[in-house]
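Asker: Whatever position you read off the sequence shown (first residue = 1), add 104 for the working numbering.
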Amino acid sequence: MSQAPIRLVIFDLDGTLYRGSEPTPHAASALVRLREARIAVRAFTNNSGATAQDLSHKLTSMGLPFGEDEVLGTGMLAADLCLARGWSEVLAIGEPGLHACLTEAGVDSQSARPQAVIAGICRSLTYGLLDRGLQALVGDASFVATNRDATYPLEQGRIEPGAGAIVAALEACSGIEPYVLGKPSPDGVTALIRGAEVSPTETVVVGDRLDTDLAAAVHAGARGLLVLTGVTSSAPAGIDAITDLGALPAWIERA
Ligand SMILES: [Mg+2]
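1) Can the beta-carbon of residue 311 be found less than 9 Å from the beta-carbon of residue 119?
2) Check the C-beta distance from residue 304 over to residue 320 and give it rounded, since I have them as a contact under 8 Å.
3) Could you pull the DSSP bridge partners for residue 170 from this structure?
4) With distance defined between alpha-carbon atoms, name the residue in 253, 313, 300 nearest to residue 284.
5) Quick check on the burial criterion: 16 or more other C-beta atoms within 10 angstroms. Buried or exposed for residue 197?
6) Verify the contact flag: residue 243, CB atom, against every heavy atom of ligand 1, threshold strictly below 8 Å.
7) For residue 147 versus residue 174, is the C-beta distance shorter than 9 Å?
8) I'd like to know if the stretch 129–147 and the stretch 341–354 are in contact, where contact means that at least 3 CB-CB pairs between them fall below 8 Å.
9) State the DSSP-derived secondary structure class of residue 304, mapped to helix, strand or coil.
10) So the candidates are 151, 356, 235, 245; which of them puts its Cα closest to the Cα of residue 225?
11) Does DSSP put residue 327 in a helix, in a strand, or in coil?
12) So what's residue 164 in DSSP terms, helix, strand or just coil?
13) Would DSSP call residue 254 helix, strand or coil?
14) Quick check on this structure: which residue in 206, 122, 287 has the alpha carbon closest to the alpha carbon of residue 169?
15) One question on the structure: do residue 211 and residue 247 come within less than 9 Å of each other, judged by their Cβ atoms?
16) Tell me, to the nearest whole angstrom, how far the beta carbon of residue 186 is from that of residue 194; I am working on the premise that it is less than 8 Å.
17) Alpha carbon to alpha carbon, how far is residue 240 from residue 214? Give it in angstroms, no decimals.
18) Per DSSP, residue 114 is paired with what?
19) Please state whether DSSP places residue 357 in a helix, a strand or coil.
20) So what does DSSP say about residue 136, is it helix, strand or coil?
21) Out of 164, 137, 266, 314, state which residue places its alpha-carbon closest to the alpha-carbon of residue 339.
22) I'd like the list of long-range same chain contacts for residue 108, defined as Cβ closer than 8 Å, with 5 residues on each side in sequence excluded.
23) Could you give the residue range of the beta strand (DSSP E) that holds residue 265?
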């Protein structure tokens with residue numbers, strides 16, 4: 105088996121690098137070892153409510169140092185999409201962090217004449233906001249979902265409605281299917297691969313979910329590694345899996 109050496113490791117956050125406010129076992133030492141082996145590390149979350157500063161600060165304060173240029177959330181991906189498509193006016197249905205990502209990119213996130221509706225997790229969702237989204241969509245605005253995660257994990261196994269629940273509401277009333285940015289779509293993984301100037305075959309995505317993290321790896325042409333510290337408790341046959349980040353396989357660290 106002669107596969108390309110790994111030059112980039114993209115970690116999921118929730119259930120992979122940390123659980124709640126605690127790093128997962130051996131996450132910190134795994135990062136040190138990879139950096140010492142000159143393997144680039146990045147952190148990519150489907151969460152749209154966090155800016156690069158938020159993500160870098162949260163990880164670093166847990167003893168998992170990541171620079172602002174080493175983290176990616178779907179709010180940042182949404183801002184990049186607006187720039188790529190030339191959208192300066194959108195209606196964002198989301199947390200303050202999503203609005204901050206868009207504003208930072210020079211995009212009006214609360215436009216009365218939006219070119220796109222960008223929907224993510226939104227704890228201040230109202231009927232009025234859903235209605236504004238619907239009117240924009242039937243008036244020909246593009247529809248972008250930060251992700252389709254139905255629920256969002258909290259401490260002690262509790263869950264709350266995720267972006268997918270809000271996206272589904274807009275989809276139901278408009279009959280329009282969104283363009284999805286988050287995993288399992290390959291967009292984020294592909295952007296990180298380009299940014300690190302490596303190839304997909306030199307990249308591995310490490311995550312706790314088969315249907316998002318590992319699916320995104322497949323869609324981007326990268327390798328996937330399942331870690332059993334999050335929502336998945338056993339590995340299906342044929343899937344590379346480890347119990348925690350202390351057990352990174354030799355094929356990653358072989359330079
Ligand atoms: Mg996860």
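Here a beta-carbon is modelled for each residue, glycine too, at the ideal position from N, C-alpha and C. Keep in mind the model is a prediction, meaning the values are calculated, not measured.
Answerer: Per the coordinate set shown:
1) Taking the first residue of the sequence shown as position 1, residue 311 is located at position 207. Taking the first residue of the sequence shown as position 1, residue 119 is located at position 15. Contact: yes.
2) In the sequence shown, the residue the question calls residue 304 occupies position 200. In the sequence shown, the residue the question calls residue 320 occupies position 216. The distance from the Cβ of residue 304 to that of residue 320 is about 11 Å, inconsistent with a contact at the 8 Å cut-off.
3) Against the sequence shown, residue 170 aligns to sequence position 66. Beta-bridge analysis with DSSP links residue 170 to no other residue.
4) Indexing the sequence shown from 1 puts residue 284 at position 180. It is 253.
5) Here the question's residue 197 lines up with position 93 in the sequence shown. That one is buried.
6) For this step, residue 243 is matched to residue 139 along the sequence shown. Exclusion of residue 243 from the 8 Å shell around ligand 1 follows from its C-beta lying no nearer than that to any non-hydrogen atom of the ligand.
7) As a first step, residue 147 must be located in the sequence shown, where it is residue number 43. As a first step, residue 174 must be located in the sequence shown, where it is residue number 70. Going by C-beta atoms, residue 147 is nearer than 9 Å to residue 174.
8) Yes, since at least three Cβ pairs between the stretch 129–147 and the stretch 341–354 fall closer than 8 Å, the two stretches touch.
9) As a first step, residue 304 is located in the sequence shown; it is residue number 200 there, counting from the start. The answer is helix: DSSP assigns residue 304 an H, G or I state.
10) Position 121 of the sequence shown, counted from the first residue, corresponds to residue 225. Selected option, being the one with the closest Cα: 151.
11) As a first step, residue 327 must be located in the sequence shown, where it is residue number 223. Of the three classes helix, strand and coil, the one that applies to residue 327 here is strand, per DSSP.
12) The residue labelled residue 164 in the question sits at position 60 within the sequence shown. In the structure shown, residue 164 sits in a helix (DSSP, three-state: H, G or I).
13) The sequence position of residue 254 within the sequence shown is 150, counting from 1. Here residue 254 sits in coil by DSSP.
14) Taking the sequence shown and counting its residues from 1, the one referred to as residue 169 is at position 65. If we check each option's Cα against that of residue 169, 122 comes out closest.
15) Within the sequence shown, residue 211 is the residue found at index 107, counting from 1. Within the sequence shown, residue 247 is the residue found at index 143, counting from 1. Cβ distance not < 9 Å, so residue 211 and residue 247 don't count as in contact.
16) Along the sequence shown, one-based indexing puts residue 186 at 82. Along the sequence shown, one-based indexing puts residue 194 at 90. A Cβ-Cβ distance of about 6 Å is found for the pair residue 186 and residue 194, placing them in contact under the 8 Å criterion.
17) Taking the sequence shown and counting its residues from 1, the one referred to as residue 214 is at position 110. Taking the sequence shown and counting its residues from 1, the one referred to as residue 240 is at position 136. Roughly 12 Å between the two C-alpha positions.
18) What you label residue 114 is simply residue 10 of the sequence shown in a count that begins at 1. Residue 114 is bridged to 146, 309.
19) The residue you call residue 357 lines up with position 253 of the sequence shown. In the three-state reduction of the DSSP assignment, residue 357 falls in the helix class.
20) Here residue 136 corresponds to residue number 32 of the sequence shown, with the count starting at 1. Correct three-state label for residue 136: helix.
21) On the sequence shown, position 235 is the one that residue 339 refers to. Of the candidates 164, 137, 266, 314, the residue whose Cα lies closest to the Cα of residue 339 is 314.
22) As a position in the sequence shown, residue 108 is number 4, starting the count at 1. Counting only Cβ-Cβ distances below 8 Å, and skipping sequence neighbours, we find 303, 305, 306.
23) Against the sequence shown, residue 265 aligns to sequence position 161. For residue 265, the enclosing beta strand (DSSP E) has its first and last residue at 263–265.
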